[in-house]
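The opening residue of the sequence shown carries number 28 in this note's numbering; numbering runs sequentially from there.
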Amino acid sequence: MASADSQFASVSQSTAAPAAPGANALLPAIVGAGALGAATYVAVKKLTASPAAAPAAPAAAAPAASNAPPSGIVPRAKHAASSALATMAATFPAAMQEEAFLKAVAVELAKLGFRKDNGIALVNTCRDEVCRPVVSIIDREFGLSFNISGLGGLVNCGKVGFKAAMSHSPEFPCDVDGNLKERYIFFAFPHVSIGESGEVGSLLRRGRGKPSSACGALIAINNDINGGAAPSMDSDDPEYTLLRKKIMTKVSKSPGADLSLVQVTKAALAAINEDLEKLISLTVDPATADYAVITGVQIHSGDQIPGQPFRIERTCDYIAPDQMYAVVRGQKYALQVQTPKSQGVAAMV
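Put into structure tokens, the structure is as follows:
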């Protein structure tokens, strides 16, 4: 497989001629990102004393705050090695914490003129609610985004959806000819979970005492492929059957050998990349707009606590990046995204 360096110029050096979208091959290494910190909120109540009220007795001292976890929960040390991280390191060896990755992407894109106030992000994830944190981080780094998501991460909005999103972009004068231009940033992430004991596809969800799964659609497609299902379409299940049909064109199953969920997830990413590049080629004019593409796999690490209220600081998601490039004034640039080594999965196992 070709490396990113062989396909793109660095950020500081452009390619000699504009590169056509879709030239980037599926990269073998994939990257992930970090847990969001918890915010603390304090409610203040205004008290109005009555003139006739007797002097209040001294208030009892408040109990000391405790950082102990709820009963029955064993806290994990930050970045403690686990079976989940070991599995992630084996299957997505370049994975890094989600928030750290996206902050690093924002830094690199800023070097090419992409800012929070002068473009729009088009974000494609699975419809699953556990994918929402990555959208929140993107909104914080790049401004409110346009939703182009579909089941399993399939891009379903088509040309009309893309053009609608692009028409929402701020306009800015080109520093070369002064004509108004637009900027778009395309994000696409199918997802997979890795349970705390290392099982791929297992996920603990809020309020459920038994493990659930993610991505449910890709797990079902994995079972269909291994069971010999035909790539038929169903008008009552259009997203699922279209995604299944596209993934089946990206995998090859040997007789007697089942495909793994990791293989199907990477095949889904390949299909999503292909659809994304095709839609960009049909809707984006590099002469009038700059754009960037960031794709990869979102990985849920299984750090949610069963039977407890959902708390975002108890999740730790990662991104395993694949395509990372920008096209500015018709020239294609590789994004050299780097995060501290301590925020990569390799440093945690």
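Backbone N, C-alpha and C fix where the C-beta goes; we use that ideal spot for every residue, glycine too.
Subject >> Euclidean distance between Cα positions of A257 and S240 >> reply: Translated into positions along the sequence shown, residue 257 becomes position 230. Translated into positions along the sequence shown, residue 240 becomes position 213. Going from the Cα of A257 to the Cα of S240 covers about 24 Å.
**OP:** Taking 8 Å as the threshold, find out whether the segment 272-286 comes into contact with the segment 204-220 through three or more Cβ pairs.
**Re:** no
Subject >> At least three beta-carbon pairs within less than 8 Å, the segment 182-193 to the segment 152-161 >> reply: no
Subject >> Those runs of the beta strand (DSSP E) which lie wholly inside the segment 194-253 and span at least 3 residues >> reply: 198-200, 207-216, 218-220
Original post:
Buried or exposed: N249, going by 16 or more other Cβ atoms within 10 Å of its Cβ?
Top reply: Taking the sequence shown and counting its residues from 1, one reaches residue 249 at position 222. N249 comes out buried.
Subject >> Through-space distance from M115 to V261, alpha-carbon basis >> reply: Your numbering for residue 261 matches position 234 in the sequence shown. Your numbering for residue 115 matches position 88 in the sequence shown. The identity of residue 261 in the sequence shown is Asp, whereas the question assumes Val. Near 34 Å, if we compare the C-alpha coordinates of M115 and D261.
Original post:
In chain order, what residues of the same chain have a beta carbon less than 7 Å from the beta carbon of L309, not counting five sequence neighbours either side?
Top reply: Along the sequence shown, one-based indexing puts residue 309 at 282. So the list reads K186, once near-sequence residues are dropped.
**OP:** Please look up how many angstroms separate the CB atoms of I252 and L286, rounded, as I've assumed it's under 8 Å.
**Re:** The sequence position of residue 252 within the sequence shown is 225, counting from 1. The sequence position of residue 286 within the sequence shown is 259, counting from 1. Right, the Cβ-Cβ distance comes to about 6 Å (below 8 Å), so this counts as a contact.
Original post:
Could you give the distance in angstroms between the alpha-carbon of D349 and the alpha-carbon of G225?
Top reply: Counting from one through the sequence shown, the residue named residue 349 turns up at place 322. Counting from one through the sequence shown, the residue named residue 225 turns up at place 198. Answer to the nearest angstrom: the Cα atoms are 23 Å apart.
Subject >> Helix, strand or coil at Q290 according to DSSP, with G and I counted as helix >> reply: In the sequence shown, counting from the first residue as 1, residue 290 sits at position 263. Helix.
Subject >> Same chain only: Cβ atoms within 7 Å of Q365, ignoring 5 sequence neighbours per side >> reply: The residue you call residue 365 lines up with position 338 of the sequence shown. Answer for Q365: A131, listed in chain order.
Original post:
Among S328, A133, R235, which one has its Cα closest to the Cα of A110?
Top reply: Taking the first residue of the sequence shown as 1, we reach residue 110 at position 83. Before going further, note that residue 110 is Ser rather than Ala in the sequence given. Checking every option, the nearest Cα to that of S110 belongs to S328.
Original post:
Within this structure, are the beta carbons of K143 and F119 separated by less than 7 Å?
Top reply: Residue numbering aside, residue 143 sits at position 116 when the sequence shown is read from its first letter. Residue numbering aside, residue 119 sits at position 92 when the sequence shown is read from its first letter. Their beta carbons are not under 7 Å apart, which means K143 does not touch F119 by this criterion.
Original post:
Taking 7 Å as the CB-CB limit, is I252 close to chain C?
Top reply: In the structure shown, chain C does not exist; there is a single protein chain.
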